[in-house]
Amino acid sequence: MEDFDFNITIVGLGLIGASFAMALKELNPKNLWAVDIDMEAIETAQELGMIDKGYLEPEIPLKNSDIVIMCVYPNLTIKFIKDNMNYMKVGAIITDTAGIKKKVLDEINSFIREDLDFIGGHPMAGREYKGIGFAKKDIFKDANYILTPTNKNKKKNIELIEKIIKGIGCKNITKVTPKKHDEIIAFTSQLPHIIAAALINGSNKDDNLFTAGSFKDATRVAKMNTELWAELLMENRDNTIKQINIFEEHITKIKNAIIKKDKDRLEALFENARNKREAFIEKCMK
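Residue numbering for the sequence shown follows UniProt numbering, beginning at 1 and increasing consecutively.
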């Protein structure tokens with residue numbers, strides 16, 4: 001891919017931020033900088049060649065950054081931009097990677113400088129680990145990426161962010177409103193983490209001797225960044241509670257079929273689930 005003649009700063013060198021840095025390096029930006037509060041993370045990123053230079057003081061790189069990529073928690077994203085936007089270069093593009101969008105967009109757009117362009121984003125990629133030590137440059141390969149542009153965003157800036165997203169390896173880019181994003185993500189991402197946590201919390205000390213792949217698969221994401229996921233669920237609580245209620249309805253249908261010894265009903269519920277799963281996988285393969 002041709003060189004990106006831009007100065008790019010990544011804020012936050014955790015799993016996503018460091019992985020973003022590794023993938024962006026392949027695009028040959030003019031300069032790739034990072035900001036973090038952890039000097040050890042900065043030194044690691046520099047030693048491994050993930051970034052050109054890292055800073056504890058955000059004002060140093062921000063004043064010359066064409067693009068700023070926020071890779072921190074939602075509430076910290078809001079706070080960082082509010083506290084540091086006056087250091088940012090005129091006309092800079094800012095995007096984020098937060099797992100909720102409506103609150104982030106609403107709050108940032110209520111105070112952001114007119115010349116700055118904040119474009120909401122959410123890479124559907126990650127691992128059940130946190131920290132720079134688990135970063136991978138191919139974490140975005142064939143991943144989905146959600147953008148939540150608003151009428152405040154400039155078309156050319158959206159197109160540039162899309163170009164970067166494709167450049168780091170993402171397969172599909174979907175554009176939705178922040179509200180729609182949060183409604184859907186409560187089901188596709190947040191509910192599975194809740195189910196995994198509830199399932200593993202119900203296990204007993206010797207259950208490992210009776211488990212196979214299904215239990216391990218179903219509980220994999222319970223090994224989560226607890227601070228991040230607690231924040232995501234709290235900030236998207238209305239949508240999350242709605243999805244929990246819907247899930248409970250489906251669990252109750254299965255439970256009632258078992259209670260009533262209604263084998264035909266149980267088979268029908270499982271048949272429907274199998275068909276939906278097959279259709280889902282088929283769509284994912286396209």
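Beta carbons: idealized from backbone N, C-alpha and C, even for Gly.
The structure displayed is predicted, hence computed values, not measured ones.
Proximity to phenylalanine 80 across Val11, Met50, Gly126 and Lys276 peaks at Val11, based on C-alpha coordinates.
Contact annotation: alanine 279 and leucine 266 have beta-carbon atoms that are not nearer than 7 Å. When the five nearest sequence neighbours on each side are left out, the beta carbons in the same chain lying within less than 7 Å of the beta carbon of asparagine 236 are those of Ile100, Asp182, Ala186 and Gln190, in order along the chain. Glutamate 271 and lysine 255 have their C-alpha atoms roughly 16 Å apart. Secondary structure of leucine 199 (DSSP, three-state): helix. When the Cα atoms are used, glycine 202 and glutamate 231 turn out to be separated by approximately 23 Å. Pairing methionine 85 with arginine 113 gives a Cβ-Cβ distance under 7 Å. In this chain, glycine 213 is not harboured by any beta strand (DSSP E); it is covered by the alpha helix (DSSP H) spanning 213-219. Contiguous alpha helix (DSSP H) elements confined to the segment 9-38 occur at 15-25, taking only those with 4 or more residues. Scanning the segment 148-182 from its first residue to its last, the whole alpha helix (DSSP H) runs of 4-plus residues come out as 155-167.
Every alpha helix (DSSP H) of 4 residues or more that sits fully in the segment 42-82 is shown, in chain order, as 59-62.
Per DSSP, aspartate 117 is one residue of the beta strand (DSSP E) stretching across 117-124. No Cβ-Cβ contact shorter than 7 Å links isoleucine 42 with isoleucine 78. Here leucine 199 is exposed: its Cβ has fewer than 16 other Cβ atoms, across all protein chains shown, within 10 Å. Shown here for lysine 130: same chain residues with a beta carbon closer than 8 Å to its own, the five before and five after excluded, namely Gly14, Leu15, Asn225 and Leu228 in chain order. A distance below 6 Å between beta-carbons, with the five flanking residues on each side excluded, links tyrosine 55 to the following residues of its chain, in chain order: Val35 and Pro61.
The Cβ atoms of isoleucine 168 and phenylalanine 134 do not sit closer than 7 Å to each other. Two segments are said to touch when three or more pairs of C-beta atoms, one from each, lie closer than 8 Å; by this definition the segment 118-127 touches the segment 153-161. C-alpha of valine 68 to C-alpha of aspartate 96: approximately 8 Å in a straight line. Cβ-Cβ distances below 7 Å link asparagine 64 to Asn7 and Lys89 in the same chain, with the five nearest sequence neighbours on each side left out; the list follows chain order. As the crow flies, the alpha-carbon of threonine 174 is around 33 Å from that of lysine 253.
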